[in-house]
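One structure is given here, and the rest of the page talks about it.
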Amino acid sequence: MPEANDVGKLLELLRALEIPDTRPRVLRTLWRGRRTVPRPIVELVGVHGHPALVAELYTWLSESGGRRATPRAKVDLRAPDLAPTALTPDPQALANGPQAEQEIPGHCLPIIQQLVAGFAADDTAMGAIKFPRYRTADWLTRQRVTSDEAEAPDELRRRLPKLLRSGSPTSRSDTAEGVAGDTISRVVFGVLALWPVLRLWLWVSGRIPGMSKVTRWFLHQRYLAPELSGSFLGFASRLTASHRVDENEEQVAKLLIHAFLEDLRDAYRRRIWRPSSWRRTAYPVALLGGLSEGGDGARILTWINEIRNETGIFDPLVVLALREEGPPREVAELSDISDLRPLRTLESLAEQPTPQPPDPLQTWLREIDNRRTHRQADAWFLPLRALLPADTPPRVSDSRFRGMALPPAPPLAARSWFVGLCVLIPVVLAVAAALTYFPPLRGAPCSHWPWTDGVSVSLRDGECVGYSDNAAQTFADDPELSAMQREVFRLNAAAEDARRSNPNRPLISLVYFAGLSYVDTNVKYPHAQVEELAGLAVQQRRALLAADESEPLLRIVIANGGSDMRHARWVVDNPLRALIADDPSVLGVVGIDRSTDETRTAITRLGELGVPAVATTLSADGLDQASPLYFQAAPSNTVQAKLVADYAQGARDTTGGPAYDKVAIYHPEGDEDLYVTTLVEDVRAELAERGVAQESLSWREQQQLYRFPAPCESAGFDRRTLLFFAGRNDDFATFAKSVSRGCLSGGGPAILGNDAVTRLITDQKATAALPSNLTVRYVAKASPVMLGGADCVRGVGKLGNQPVPFEHEQLCAELAGLIEDLRVYPGLANYQPTWAGDRTGLAFDVSGLFVQAVRSSRGVLGDQPPNRTAIAVQLRESDYRGVTGTLAFATKRVADTSSIAVLVTTAVGAGGPQRCLLMMPRKPGQDGCPAGTKSDLEGWTEPGR
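So for the sequence shown, our numbering puts the first residue at 153; every next one is plus one.
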């Protein structure tokens, strides 16, 4: 026997209609692609006192879930303030109304307007439903246009910016929501607002999907035959109040309702890129009270029925209309509806067994496809009779029904916090990846953007290695070395400018390859590289001063091979290989620090790449066998050994007798340093061949130098023993202090340092730790430059009492200008070297050697640019007479004819003057020292005389 009150069944039915899926899932919905059926238009018959029931149902839909509630709207169809449907404007009102008013009051469909206002209010946690199509159509129907049909589109175009600026959802959602969602749409429109003309064109044209979807929809929907208008403005002018009198009222009404339903479809259309659509877990419910046959409400519902039949498109609208009297169609009993609570979806009810009596809702679901295809006038209507006596419990507001209307929670993937995480996590990962793979983003000192020209560096074992030709990347943190690099880069830019001004001048590039960084700060010694870069910078300055087309311009690329060149092979195989392949102007590699196995391998790789390499100071024996394109500007260790032996044999004291009868060779142990091992072997062999007594003292660690007996503290101190230091410069200070322990002023042992000691002699900071009265003899390459003394750094080229070559004068003149320019860099305001170093002269000559080779090759190549093969040939064929002597590679690729000498300073710690004891090459019987540079400390005669 049916219950006396159908309130529970009514609420159960309403929940089944409004909830599309009680357990919403994103992937399952996308995978299965389940077809959703629009909800029936439920007519509840036999309801008296509809305003109270509508209010209770409205409250029930809103208060059950806290902030999560069902979108809802209510309309009292018998309310006295509800305006009637007015599809055709009053011609008299149009004619007599104030001409200044562009819009007429009222709406064509006040019932739809109230539903729009109700659904647009956002208190459901699902977001407000926007109605851009309906609002646009409604706005157009209220426009009073004074122009004729031909001019009406232009008049309407002038008014459209007002619609776009009105702040309605049209102006926010139309352009971008269909593409990327609300946030991006606001950003897009914020930008487009700067260009109103472009924005209006995009909106009106209907040509760009996503950017003008509202106007495109108007031109592609089925009502009022938009294809006859040709454009949106033409179609829109037909909807205005002034020109709508000739249009079919029913078509106008269906257009408005169709726009309303399309906006609902758009809000509920599932898009994987629009999480807000998945948060809509309840359909919008329209509660209509006081429905009567033939009234405006009934006409609205009839048009909805027809639109669904005619378009066949899903819409999510749920309609519950309350009426006192039944419609002229069969009315079922609400109580006959089956238990709907176990159902996950309404569509699954059709698959359930048929109950007795038959379930009217199940019957409707099974028949709707047939009814809609036959376009039945009542296809979407489901009239149900309900027993809802006002004085019989239960009531809608009873606590037992509270919570029934609660929409299910949205899928995890659609929840705001999850979407935020999905956005945040990739952003965080992307930022982390960007910071990892793009070090410039985190301000890493050894980094560069992939598109940065002239720079290729990488951090390896804590060192920044690679190459750079501009100030975007410098190597090392020493102020002098950093300033010198920046000055070289400034001259590079000046050379580029000069080339643009005179395209006929060749621009050649040389790679200066050295160890510019240090892992162990105890052996940090940047002054050597400063000297070499100074020699290259002087050649750059000379090239810029020349204006003739035959003079090449010079660009220097600085490459760092790491501490002791330990990453030299990697630098050649990676960044330099790419540079050489991409830049044909790179004609050679100069510098090349440290005679080690790593350096030898790097030289071999450069030869395999077809690049000539000219070392400035390398002297280890056998390096010329590493590559046929390797050239050496300094004499080999074999020549240095002969120089040491000649000096030891020929040195004479003040009485004219031999100064030394024994040589003690001090050197570090280890086979990995080719320079030290070959020098020690050569000196031993040379002394042994000449019958000079010798002994060797070696150490593994620098601290072991203090274990050697100090000559001045030894009982059998023999002043005729020459202490030859054959190690690296970083050990010399410790060696000098060790062997001079206990010595009185002027009474120390005779010390002769190899050419590595020159690094200390020319550096004021390095010699500051040595005793100021220490007398040191040392081997020096490029000795004419060293003997030039302080005059050269002041711009005066001198060499004792004899005249100097033009190249020497140019070196000193430009070196003084370079020093002046360096003082503008931070920390170098008082920069002033004591004298020009040997490395400055060698780098000057090596770069000049390439410039000469380019000049000579132009006579062979003609207008073709110089290439590496032609340069290598010229290096072999042409001798170069520079400030360090003659660089001749015709017979061998080691310049043994270059100058090398034994110099002496009697006040090494105080930066005393450098004097000559013996210089090679020399004539037989002579010491080879330039006139005016000979030291009076001791004499020298040819051995054997």
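Where a beta carbon is used, it is the ideal one built from N, C-alpha and C, also for glycine.
This structure is a prediction, so every number in the text was calculated from the model and none was measured.
Whole runs of the alpha helix (DSSP H) within the region 629-715, excluding any shorter than 4 residues: 631-653 and 679-697
What distance in whole Å lies between the Cβ atoms of THR768 and ARG1033, which are believed to be in contact at a cut-off of 8 Å? On the sequence shown, position 881 is the one that residue 1033 refers to. On the sequence shown, position 616 is the one that residue 768 refers to. The pair is not a contact, with the Cβ atoms about 17 Å apart (cut-off 8 Å).
Just to confirm, are ARG693 and ALA647 a CB contact at a threshold of 8 Å? Working through the sequence shown from its first residue, we reach residue 693 at position 541. Working through the sequence shown from its first residue, we reach residue 647 at position 495. No, the pair does not count as a contact, with Cβ atoms beyond the cut-off.
Counting Cβ pairs closer than 8 Å, one from the region 851-861 and one from the region 875-890, do we hit at least three? yes
DSSP-derived helix/strand/coil call for ILE817: By 1-based counting over the sequence shown, the position of residue 817 is 665. Correct three-state label for ILE817: strand.
Do the region 892-903 and the region 824-843 touch if we need at least three Cβ pairs shorter than 8 Å? no
As a quick exercise: from CYS895, THR1049 and PHE533, pick the residue whose alpha carbon is nearest that of ASN789. Position 637 of the sequence shown, counting from 1, holds the residue named residue 789. Nearest of CYS895, THR1049 and PHE533 to ASN789, Cα basis: THR1049.
Alpha carbons only, please: which of ASP521, LEU495 and SER490 is nearest the one belonging to PRO509? Here residue 509 is taken as the residue at index 357 of the sequence shown, counted from 1. The shortest C-alpha separation from PRO509 is found at SER490.
State yes or no: is the C-beta of GLY947 within less than 8 Å of the C-beta of VAL956? Position 795 of the sequence shown holds residue 947. Position 804 of the sequence shown holds residue 956. The answer is no: Cβ separation not under 8 Å.
Rounding to the nearest angstrom, what Cα-Cα distance links ARG757 and ASN712 in this structure? As a first step, residue 757 must be located in the sequence shown, where it is residue number 605. As a first step, residue 712 must be located in the sequence shown, where it is residue number 560. Approximately 16 Å between the Cα atoms of the pair.
Rounded C-alpha distance that separates ALA328 from ARG496: Taking the sequence shown and counting its residues from 1, one reaches residue 328 at position 176. Taking the sequence shown and counting its residues from 1, one reaches residue 496 at position 344. Reliability of the predicted coordinates at ALA328 is poor, the pLDDT of 40 falling under 50, and the value obtained from them is presented with this limitation in mind. Approximately 34 Å, taken between the alpha carbons.
Where does ARG537 sit, in a helix, a strand or coil, going by DSSP? For the purposes of this step, residue 537 is identified with residue 385 of the sequence shown, where counting begins at 1. Residue state, collapsed to three classes: strand.
Where does GLU1090 fall in DSSP's three states? For the purposes of this step, residue 1090 is taken as the residue at position 938 of the sequence shown. Reduced to three states, the DSSP call for GLU1090 is coil.
Mind checking TRP532: buried by the 16 CB within 10 Å criterion, or exposed? Position 380 of the sequence shown, counted from the first residue, corresponds to residue 532. Buried, by the Cβ-count rule.
Going along the chain, which unbroken runs of the beta strand (DSSP E) with 3 or more residues stay wholly within the region 563-626? 607-612 and 615-620
Is the beta carbon of GLN637 closer than 8 Å to that of LEU573? Taking the first residue of the sequence shown as position 1, residue 573 is located at position 421. Taking the first residue of the sequence shown as position 1, residue 637 is located at position 485. In this structure, GLN637 does not lie closer than 8 Å to LEU573 by Cβ.
Measuring straight from C-alpha to C-alpha, what distance separates VAL331 and LEU315? Here residue 331 refers to the residue found at position 179 when the sequence shown is read from its first residue. Here residue 315 refers to the residue found at position 163 when the sequence shown is read from its first residue. Because the pLDDT at VAL331 is just 40, under 50, the model does not fix this residue reliably, and the value given afterwards should be weighed accordingly. When rounded, the distance between both Cα atoms is 22 Å.
Range covered by the alpha helix (DSSP H) that runs through CYS944: By one-based count along the sequence shown, residue 944 stands at place 792. Taken as a continuous stretch (DSSP letters only), the alpha helix (DSSP H) holding CYS944 covers 941-945.
Return the residue from the list THR914, PRO223 and LEU926 that minimises the CA-CA distance to VAL151. The question about residue 151 has no answer, for the chain in this structure spans 153 to 1097.
Determine, using beta carbons only, whether PRO535 and GLY478 come nearer to each other than 8 Å. The count along the sequence shown starts at 1 and reaches residue 535 at position 383. The count along the sequence shown starts at 1 and reaches residue 478 at position 326. The answer is yes: Cβ separation under 8 Å.
When the distance is taken between beta carbons, is ALA754 closer than 8 Å to VAL796? For the purposes of this step, residue 796 is identified with residue 644 of the sequence shown, where counting begins at 1. For the purposes of this step, residue 754 is identified with residue 602 of the sequence shown, where counting begins at 1. Not in contact: VAL796 and ALA754 (Cβ atoms no closer than 8 Å).
Could you confirm whether any beta carbon from chain B is found closer than 8 Å to the beta carbon of GLU639? No chain B appears in this structure, which consists of one protein chain only.
Selected residue, minimal CA-CA separation from ASP813, among GLY802, THR806, LEU967 and ASP823: In the sequence shown, residue 813 corresponds to position 661, counting from 1. Taking only the C-alpha atoms, the option nearest ASP813 is GLY802.
Between the alpha carbons of ALA1095 and TYR799, how many angstroms are there, rounded? For the purposes of this step, residue 1095 is identified with residue 943 of the sequence shown, where counting begins at 1. For the purposes of this step, residue 799 is identified with residue 647 of the sequence shown, where counting begins at 1. It is worth fixing the name first, because residue 1095 is Pro in this sequence and not Ala. One C-alpha to the other measures close to 9 Å.
Return yes when at least one heavy atom of the ligand GTP lies under 7 Å from the C-beta of SER897, else no. You won't find the ligand GTP in this model; it holds no ligand whatsoever.
Select from GLU402, ARG642, TYR782 and ARG311 the residue whose C-alpha is nearest the C-alpha of LEU239. Position 87 of the sequence shown, counted from the start, is the residue given in the question as residue 239. Comparing Cα positions, the closest option is GLU402.
Flag this pair as yes or no: are the beta carbons of ILE732 and VAL763 separated by less than 8 Å? Taking the first residue of the sequence shown as 1, we reach residue 732 at position 580. Taking the first residue of the sequence shown as 1, we reach residue 763 at position 611. Yes.
When you compare the CB positions of THR873 and ALA816, do they come within less than 8 Å of one another, or not? To locate residue 873, count along the sequence shown from 1; it is residue 721. To locate residue 816, count along the sequence shown from 1; it is residue 664. Going by C-beta atoms, THR873 is nearer than 8 Å to ALA816.
Sufficient close CB pairs (3 or more, under 8 Å) joining the region 381-388 to the region 226-239: Cβ pair count under 8 Å is below three, so no.
Go through its chain and collect everything with a Cβ distance to TYR977's Cβ below 7 Å, but skip five positions before and after it. The residue you call residue 977 lines up with position 825 of the sequence shown. Closer than 7 Å at the Cβ level, and outside the excluded window around TYR977, lie ALA635 and ARG638.
Reduced DSSP category for ILE489 - H, G, I as helix; E, B as strand; rest coil: For the purposes of this step, residue 489 is taken as residue 337 along the sequence shown, with counting starting at 1. DSSP places ILE489 in coil when its eight states are reduced to three.
From ALA289, THR604, GLU683 and ARG523, residue whose alpha carbon lies closest to that of LEU970: Here residue 970 refers to the residue found at position 818 of the sequence shown. Residue GLU683 is the option with its Cα nearest to LEU970.
Enumerated in chain order, which unbroken segments of the alpha helix (DSSP H) with a length of 4 residues or greater are wholly contained in the region 864-938? 881-891, 910-913 and 916-919
I need the straight-line Cα distance from ALA1053 to PHE877, nearest angstrom please. In the sequence shown, the residue the question calls residue 1053 occupies position 901. In the sequence shown, the residue the question calls residue 877 occupies position 725. Each residue's Cα considered, the two are about 15 Å apart.
Determine, using beta-carbon pairs with one atom in the region 576-591 and one in the region 456-463, whether at least three such pairs fall under 8 Å. The region 576-591 is not in contact with the region 456-463.
Closest residue to LYS933 among GLY952, ALA995, ALA921 and SER897 (Cα-Cα distance): Position 781 of the sequence shown holds residue 933. Of the candidates GLY952, ALA995, ALA921 and SER897, the one whose C-alpha sits nearest the C-alpha of LYS933 is ALA995.
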